[in-house]
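Student:
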Amino acid sequence: MMSGERILVIEDEARIAQFIERGLIYEGYRVNVARDGQTGLNIARDTPPDLVILDWMLPGLDGLEVCRRLRAASDVPILMLTAKDDVSDRVSALDTGADDYLVKPFSIDELMARVRALFRRATPTSRPEVLRFADLTLDTGTHRAYRGDHAIDLTAKEYDLLELFMRNPRQVLTRDVIFDRVWGYDFGGESNIIEVYVRYLRQKTEANNEARLIHTVRGVGYVLREE
Ligand code: CA
32 MMSGERILVI
42 EDEARIAQFI
52 ERGLIYEGYR
62 VNVARDGQTG
72 LNIARDTPPD
82 LVILDWMLPG
92 LDGLEVCRRL
102 RAASDVPILM
112 LTAKDDVSDR
122 VSALDTGADD
132 YLVKPFSIDE
142 LMARVRALFR
152 RATPTSRPEV
162 LRFADLTLDT
172 GTHRAYRGDH
182 AIDLTAKEYD
192 LLELFMRNPR
202 QVLTRDVIFD
212 RVWGYDFGGE
222 SNIIEVYVRY
232 LRQKTEANNE
242 ARLIHTVRGV
252 GYVLREE
């Protein structure tokens with residue numbers, strides 16, 4: 032498993048947040064910490080994480096509500112932390128869209144094992160899926176893309192970029208995030224390579240005069256959305 036995935040930790044208790052953060056960084060993950068739900072949602076929107084570790088009991092928006100909102104916006108794996116060792120609470124967590132839960136107190140080894148398991152489950156090669164947005168379809172198993180009934184012939188990088196958009200529909204993706212996710216490093220913001228690839232994708236996804244789906248957010252980045 033390649034490390035360097037970005038994990039968002041939403042936990043109000045400083046001691047626990049720090050314990051988790053240190054453990055994750057030690058394993059090579061990049062970590063963002065939010066101390067309340069709204070801050071967590073803001074971070075998730077601005078810097079889409081690869082996985083979210085979400086505490087149940089939070090001030091303001093509670094973990095279930097945060098989970099619901101995260102799930103409405105993306106398929107990011109969500110691991111919920113709960114002090115409540117109660118069957119109905121676990122069921123609520125999973126019903127709300129959490130992928131797994133861990134009951135406090137837990138060991139760092141147990142947490143890491145759950146995180147690795149969620150990443151394994153989320154890896155496209157192990158679980159092909161068909162992503163859909165509007166009339167766009169992307170099959171992560173065959174790497175084939177379609178606009179309506181028309182097959183779209185994509186290069187590897189075009190595919191990666193379209194997959195990133197389709198995994199984060201209606202979310203504004205900054206240039207930094209796109210560089211990082213598609214090219215795997217930071218271009219320092221000087222390159223126009225994203226503009227070039229977005230242009231290719233638009234040409235291919237609008238080849239039959241279909242409505243534009245990849246929109247420019249001036250000065251920020253791009254978003255996949257309908258008009
Ligand atoms: Ca808490």
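By my numbering, the letter at position 217 of the sequence shown is numbered 248, and the numbering carries on one by one without gaps. By construction, the Cβ of each residue, glycine as well, lies at the ideal position given by its N, Cα and C atoms.
Could you pull out every residue in the same chain whose Cβ sits closer than 6 angstroms to the Cβ of Glu259, ignoring the five residues on either side in sequence?
Tutor: In this structure the chain extends from 32 to 258, so residue 259 is not present and cannot be described.
Student: Going by the DSSP bridge assignment, what does Leu164 pair with across the sheet?
Tutor: According to the sequence displayed, residue 164 carries Phe and not Leu. Answer is Leu167, bridged to Phe164.
Student: Would you identify the three-state DSSP class for Arg152, choosing helix, strand or coil?
Tutor: If DSSP states are grouped into helix, strand and coil, Arg152 belongs with the helices.
Student: Spell out the partners DSSP gives His246 in its beta bridges.
Tutor: In the DSSP output, where bridge partners are listed per residue, His246 has Val254.
Student: Buried or exposed for Ala182, going by 16 or more other Cβ atoms inside 10 Å?
Tutor: Its Cβ having fewer than 16 others within 10 Å, Ala182 is exposed.
Student: Please return the same chain residues whose Cβ sits closer than 6 angstroms to the Cβ of Arg162, not counting the five positions on each side in sequence.
Tutor: Sequence inspection shows Leu at residue 162; the Arg mentioned does not correspond to that position. Here the set comprises Leu169, Met197.
Student: Apart from the five residues on each side of it in sequence, which residues of its chain come closer than 7 angstroms, Cβ to Cβ, to Leu193?
Tutor: Cβ neighbours of Leu193 beyond the five flanking positions: Leu169, Ala176, Leu185, Leu232.
Student: Excluding the five sequence neighbours on either side, which residues of its own chain have a C-beta within less than 7 angstroms of the C-beta of Asp120, listed in chain order?
Tutor: These residues qualify, in order along the chain: Thr113.
Student: Decide if Ile51 is buried, meaning its Cβ has at least 16 other Cβ atoms within 10 Å, or exposed.
Tutor: So Ile51 counts as buried.
Student: Kindly indicate which residue of Phe164, Arg151, Ile139, Ile109 has the alpha-carbon position closest to the one of Tyr132.
Tutor: The option with the nearest alpha carbon to Tyr132 is Ile109.
Student: Report the option in Ala187, Ile56, Ile74 whose CA atom is closest to the CA atom of Thr173.
Tutor: The shortest C-alpha separation from Thr173 is found at Ala187.
Student: Can you give me the C-alpha to C-alpha distance between Arg206 and Asp106, rounded to a whole angstrom?
Tutor: Each residue's Cα considered, the two are about 21 angstroms apart.
Student: For a minimum of 4 consecutive residues, which ranges assigned as the alpha helix (DSSP H) are wholly contained in the stretch 79-129?
Tutor: List check, alpha helix (DSSP H) in window: 94-104, 118-126.
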